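Numbering (our numbering), first residue to last: 51 to 190.
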């Protein structure tokens, strides 16, 4: 198991590291290469949040755990030219529509940390059918 699976819970085959331990690891990494620590820190945080909040069903969590253990990298793709960061409360301009058993995503994001190296993106979208925003897992 590599560094990128340390925030994956032990019950899914990851390192199961606590937030405190991850901060200490990240601090050490950051003292040598700040950009790498920042980038991988986003991945670690996203992975930890997915499992802590149980954002998906068990089958999806198992699938994603296997991907992370194989070295998959993930981050959020949420910033848009019109609304900027979603922390400002803007409605995503990127939309998603269900088509059969898949989603059709339409829109453009302007910045995602580590995007050239990512295996998966958590894309912030507006879902008209539910009149609300959502996050979809997407691969390049």
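We put the CB at the ideal spot given by N, CA and C, even for glycine.
Being a predicted model, the structure only gives us computed values, none of them experimental.
Spatial distance of residue 115 from residue 107 (CA atoms): Within the chain shown, the letter at position 65 stands for residue 115. Within the chain shown, the letter at position 57 stands for residue 107. Distance between the alpha carbons of residue 115 and residue 107: 12 Å.
Residue 53 burial status per 10 Å Cβ neighbour count (16 or more: buried): The residue you call residue 53 lines up with position 3 of the chain shown. With fewer than 16 Cβ atoms within 10 Å of its Cβ, residue 53 is classed as exposed.
Backbone CA spacing between residue 185 and residue 148 [nearest angstrom]: Within the chain shown, the letter at position 135 stands for residue 185. Within the chain shown, the letter at position 98 stands for residue 148. Using only the alpha carbons, I get a separation of about 13 Å.
Cβ neighbour criterion (16 or more within 10 Å) applied to residue 57: Sequence index remark: in the chain shown, residue 57 carries index 7 (1-based). Its Cβ being crowded by 16 or more others within 10 Å, residue 57 is buried.
Any 3 or more C-beta pairs closer than 8 Å across the stretch 155-162 and the stretch 124-141: yes
Given residue 178 as reference, the closest of 120, 153 and 63 once Cα atoms are compared: Taking the first residue of the chain shown as position 1, residue 178 is located at position 128. Of the candidates 120, 153 and 63, the one whose C-alpha sits nearest the C-alpha of residue 178 is 153.
Straight-line gap, residue 89 to residue 67 (C-alpha atoms, nearest Å): For this step, residue 89 is matched to residue 39 along the chain shown. For this step, residue 67 is matched to residue 17 along the chain shown. Residue 89 and residue 67: Cα-Cα distance of roughly 18 Å.
Residue 144, buried or exposed, once every other Cβ within 10 Å from all chains shown has been counted against 16: As a position in the chain shown, residue 144 is number 94, starting the count at 1. Residue 144 should be labelled buried.
Residue 102 CB to nearest heavy atom of the ligand FAD below 7 Å: As for the ligand FAD, it is missing from this structure, which has no ligand bound.
Test item: CB-CB of residue 91 and residue 76 under 8 Å: Your numbering for residue 91 matches position 41 in the chain shown. Your numbering for residue 76 matches position 26 in the chain shown. Yes, these two residues count as a Cβ contact at 8 Å.
Residue from 94, 165 and 183 whose Cα sits closest to the Cα of residue 65: Stepping through the chain shown from its first residue, residue 65 is reached at position 15. If we check each option's Cα against that of residue 65, 94 comes out closest.
Residue 175 and residue 142 closer than 8 Å at C-beta: The residue labelled residue 175 in the question sits at position 125 within the chain shown. The residue labelled residue 142 in the question sits at position 92 within the chain shown. Cβ distance < 8 Å, so residue 175 and residue 142 count as in contact.
Contacts around residue 34, its chain only, beta-carbon distance under 7 Å, and the 5 residues preceding and following it disregarded: Examination of residue 34 is not possible in this model, given that the chain is present from 51 through 190 alone.
Alpha helix (DSSP H) runs wholly inside the stretch 55-87, at least 4 long, in chain order: 69-82
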